[in-house]
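Quick note, our numbering runs 314 ahead of the 1-based positions in the sequence shown.
Positions of the beta carbon are idealized from the N, C-alpha and C atoms, including for glycine.
These figures come from a predicted structure and were not determined experimentally.
Here is the structure we will look at, set down as structure tokens.
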Amino acid sequence: MRRFAKALEEFVALAKDFAVVYSSSRSPLILRDTARVCILDSLFNPPHMAHYALAREALSYRFGDTHLEKNQLLLLLLLLVKNADKVDPQPASFEHRLDMMHLMADYLHDNLKVDVSIGLTLHAKFVDKLVSIMNDVRERLPESDVKLTFLVGFDTLLRIFDPKYYLPDKLLDLLNEFMRTTDLFCLTRQDNVNSYQNQVDYVRRIRHGKIAHIPQAWSDAVHIFSFEKQEDIETLGSVSSSAVRKAIAEDPHQELPLIPQIKDYILENKLYQ
């Protein structure tokens, strides 16, 4: 399709650290009515139904006592494209992933009735992503007080709070402003490494000051969610992109946790096989 080839080339050539390359509403990242941007940051290799479910639940979640209308919400699918000017990353190129993200964005927009944008970033650390996105927001709407919410899995939450990723700097110094201005919406995983109770207890331990390097106040910005329906737990709770790729390699025609449009795209382009 090469729909995003030019946008990707321009992003690399201009050395930007953040750019919006698609919006379902054909508008800038945010409008004056936008109160919250939910950011689904992933490699999208490929986008799958657990991504969809995480976005769906975050967009319907009530953060505190705030009720927002659909026109006050925006979903941003964010792709890290560091080294995008190098040899195509495997197992799917950035262009293929952006094509699939576009299919997912339209599917989310049609089903959830929320504006969806696709963004590119050069930053791996969430604190740097926040700064680059907010710089873009303030260039467009200097008076905006929009709230950013990162949608993450539990393994990503652990990495965000792991001091080793911030050395030689201190985690508190780098994350204090991030945690003051941002929410983290975390989907628990169903796996053998971290039980559901352990995942919930992790945030509870932060709240009660049981984790020395994490301030108690940060727990107010962490929202833990788990699927309530047994069907969702069984079908989506353990879904990962690597598991989807493995299943495609074994039999691309089997039932997979993908929207039909993305499955068709994968088959047409012989990805992951």
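{"Item": "Identify, in the order they occur along the chain, each residue of the same chain with its Cβ nearer than 8 angstroms to the Cβ of ALA319, setting aside the five sequence neighbours on each side.", "Value": "GLU409"}
{"Item": "Rounding to the nearest angstrom, what Cα-Cα distance links LEU485 and LEU581 in this structure?", "Value": "43 angstroms"}
{"Item": "In the DSSP assignment, the beta strand (DSSP E) including THR435 goes from what residue to what residue?", "Value": "429–435"}
{"Item": "Taking the C-alpha atoms as reference points, what is the distance between VAL351 and ASP331?", "Value": "18 angstroms"}
{"Item": "Apart from the five residues on each side of it in sequence, which residues of its chain come closer than 7 angstroms, Cβ to Cβ, to THR348?", "Value": "GLN386, LEU388, VAL460"}
{"Item": "Is the distance from the Cβ of PHE464 to the Cβ of ILE353 below 7 angstroms?", "Value": "yes"}
{"Item": "Where does ALA349 sit, in a helix, a strand or coil, going by DSSP?", "Value": "coil"}
{"Item": "Does DSSP put TYR336 in a helix, a strand or coil?", "Value": "strand"}
{"Item": "Alpha carbon to alpha carbon, how far is ALA419 from VAL553? Give it in angstroms, no decimals.", "Value": "19 angstroms"}
{"Item": "Which same chain residues, not among the five before or five after ALA372, have their C-beta less than 7 angstroms away from its C-beta?", "Value": "CYS352, THR463, LEU465, PHE499"}
{"Item": "Nearest to LEU436 by CA position, among VAL334, LEU455, HIS362, is which residue?", "Value": "VAL334"}
{"Item": "Any idea which residues DSSP pairs LYS461 with across the strands?", "Value": "ARG350"}
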